[in-house]
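Below you'll find the structure, written out as structure tokens, and then a few comments.
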């Protein structure tokens, strides 16, 4: 049945009104949009530095490869996942493509989940290196293979989201129906969204408990290592005092070399563990608002209907809280890792030289 001119004009008019409403809402959400863009920009630059330095400049170890992989996953989240979310925010009432929504949510899910699993791998690697140093350890080769297998599993494991997400009807202030990229209308009234997000929540809590347990054991081991070093240092000092007259310079140097080496090893162990622990803590905390609000939104689909501008901005920022983790990781490396800071400084000096080349001296010779 063909549309009458009146129906055609009505549809066109409704579309125009929806676009205007969408533009108005985008302006209202501008604080959230700008915050997300800032996170994307800072995170993309910082994480590509993390990848480059840990993959190309620092020692070729399994731990450094895992950190480089995390930096790469965070880079893709900041350069692809966050821009996708920005686009979704800008079309919160006028998102009409079901396929685009599914693809966008899937890509974001893959990048975020990959980063989360690598955080878990880093914790496992730290546990074996600190608590089980004489047993099997990740090599760089096995780390590469493990990350490849993990990525393949994540690509497959996040595929249910393709079916769950889609265009979702949203009520407006003028009795017109808008569309946002959320739970597909086909599944919104079924149990599948609840099962999907509850499963994600269970996996998150299991991962959080596992990570907390691992770093608790690692922390105990590091503390024990520190106590052992202090005891050895104390004994070594007493031994040097009691026998100083009998020792030659060479002998004394050899005796001091052991404690110094142990001390440097202890400091390096503590700093590396602290960096990885901070990353884990921020990862755990950053997911809390998202999990709480998304599960609540599924149980109460209309709870956003009467929100004002501050409430909408707070909600939209909170459900994307996990992006803070992706953007802030490079600052953790920079604050706690001296080697990373040194390499960043070298890169900065190299860039500065390119833009501030000294002028070529010009002279005229007498003939």
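Numbering (the numbering used here), first residue to last: 1239 to 1605. Positions of the beta carbon are idealized from the N, C-alpha and C atoms, including for glycine. Fair warning: this is a prediction, and the values are worked out from it, not measured in the lab.
In angstroms with no decimal places, state the Cα-to-Cα distance between residue i and residue j.
{"i": "residue 1319", "j": "residue 1415", "result": "27 Å"}
{"i": "residue 1252", "j": "residue 1258", "result": "10 Å"}
{"i": "residue 1181", "j": "residue 1533", "result": "Because residue 1181 is not part of the residues shown, which for the chain are 1239 to 1605, the question remains open."}
{"i": "residue 1486", "j": "residue 1593", "result": "Bear in mind that the predicted position of residue 1486 carries a pLDDT of just 45, short of 50, making it too unreliable to give a figure here."}
{"i": "residue 1489", "j": "residue 1372", "result": "Below a pLDDT of 50, predicted positions are generally treated as unreliable, and residue 1489, at 46, falls in that range; the measurement from the model is reported next regardless. Residue 1489 and residue 1372: Cα-Cα distance of roughly 30 Å."}
{"i": "residue 1349", "j": "residue 1387", "result": "15 Å"}
{"i": "residue 1458", "j": "residue 1518", "result": "17 Å"}
{"i": "residue 1284", "j": "residue 1568", "result": "5 Å"}
{"i": "residue 1548", "j": "residue 1420", "result": "21 Å"}
{"i": "residue 1263", "j": "residue 1545", "result": "12 Å"}
{"i": "residue 1342", "j": "residue 1461", "result": "45 Å"}
{"i": "residue 1508", "j": "residue 1365", "result": "13 Å"}
{"i": "residue 1336", "j": "residue 1422", "result": "8 Å"}
{"i": "residue 1260", "j": "residue 1407", "result": "14 Å"}
{"i": "residue 1291", "j": "residue 1307", "result": "11 Å"}
{"i": "residue 1295", "j": "residue 1521", "result": "26 Å"}
{"i": "residue 1404", "j": "residue 1324", "result": "16 Å"}
{"i": "residue 1443", "j": "residue 1269", "result": "31 Å"}
{"i": "residue 1591", "j": "residue 1584", "result": "11 Å"}
{"i": "residue 1271", "j": "residue 1418", "result": "16 Å"}
{"i": "residue 1293", "j": "residue 1575", "result": "15 Å"}
{"i": "residue 1340", "j": "residue 1326", "result": "12 Å"}
{"i": "residue 1552", "j": "residue 1426", "result": "24 Å"}
{"i": "residue 1375", "j": "residue 1368", "result": "10 Å"}
{"i": "residue 1586", "j": "residue 1363", "result": "31 Å"}
Identify the residues that DSSP records as bridge partners of residue i: which are they?
{"i": "residue 1417", "result": "1332 and 1407"}
So the alpha helix (DSSP H) residue i belongs to, where does it begin and stop?
{"i": "residue 1380", "result": "1378-1395"}
{"i": "residue 1402", "result": "1398-1402"}
Leaving aside the five residues before and after residue i along the sequence, list all residues of the same chain whose C-beta is less than 6 Å from its C-beta, in chain order.
{"i": "residue 1197", "result": "Limits of the chain in this structure are 1239 at one end and 1605 at the other, which puts residue 1197 out of reach."}
{"i": "residue 1359", "result": "1304"}
Taking 7 Å as the limit between beta carbons, can you name the residues of its chain near residue i, skipping five residues before and five after?
{"i": "residue 1381", "result": "1300, 1303 and 1304"}
{"i": "residue 1453", "result": "1361, 1515 and 1518"}
{"i": "residue 1393", "result": "1348"}
{"i": "residue 1572", "result": "1578, 1579 and 1582"}
{"i": "residue 1313", "result": "1282, 1285, 1286 and 1289"}
{"i": "residue 1435", "result": "1532, 1533 and 1536"}
{"i": "residue 1329", "result": "1260"}
{"i": "residue 1446", "result": "1522"}
Ignore the nearest five residues each way along the sequence and tell me which others in residue i's own chain have a CB closer than 8 Å to its CB.
{"i": "residue 1345", "result": "1318, 1319 and 1322"}
{"i": "residue 1256", "result": "1331, 1332, 1410, 1414 and 1416"}
{"i": "residue 1277", "result": "1316, 1320, 1561, 1562, 1564 and 1565"}
{"i": "residue 1491", "result": "Because residue 1491 carries a pLDDT of 43, less than 50, the predicted location of this residue cannot be relied on, and no value is offered for it."}
{"i": "residue 1356", "result": "1304, 1307, 1308, 1311, 1385 and 1388"}
{"i": "residue 1424", "result": "1404"}
{"i": "residue 1588", "result": "none"}
Would a check of beta-carbon distances place residue i closer than 7 Å to chain C?
{"i": "residue 1459", "result": "Absence of chain C from the displayed structure is noted, only one protein chain being present."}
| request: Please list the segments of the alpha helix (DSSP H) lying wholly inside the segment 1282-1369, counting only runs of 4 or more residues, in order along the chain. | output: 1300-1314, 1320-1328 and 1336-1369
| request: Enumerate, from N- to C-terminal direction, the unbroken beta strand (DSSP E) stretches of 3 or more residues contained entirely within the segment 1546-1577. | output: With a minimum length of 3 residues, no continuous beta strand (DSSP E) run stays inside the segment 1546-1577.
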